[in-house]
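In this note's numbering, the protein residues as written are 179 to 309.
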């Protein structure tokens, strides 16, 4: 499996809104970041040219800042077995671009990064997961 970082998954407004919601649970949270992560099934690792093509396919959307990349990480992904139109189309585009070793570009997952001054308590973890 190949893992590729993608663009910001939320607008600056949405990211700020999420940060405020988290800070209502825990005032020790200083910053929040969110980006797409792409999981790719491939028969083999791409060579340099194939990697460049794959990067260009996965470069999309507005060029928003994604916030911090540091701190505590939370990785979210769709239910296993889910295949969205986005995944099907991205896989088709990869094949049209000559990336025949790509079996499937899986769903866009999200990676949230959170800078916090103290560890989350058990109660805060359960509240955080509700977001």
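Note that beta-carbon positions come from the ideal geometry of N, C-alpha and C, so glycine has one too.
Asked                                                                                           : Found
Residues near residue 269 by beta carbon distance below 6 Å, same chain, minus five either side : 282, 283
Member of 253, 276, 213, 258 whose CA lies at the smallest distance from the CA of residue 240  : 213
Cβ neighbour criterion (16 or more within 10 Å) applied to residue 244                          : buried
Complete runs of the alpha helix (DSSP H) confined to the stretch 254-302 [at least 4 residues] : 263-274
Beta-carbon proximity check, residue 142 vs residue 275, cutoff 7 Å                             : This structure leaves residue 142 out entirely; the chain is present only between 179 and 309.
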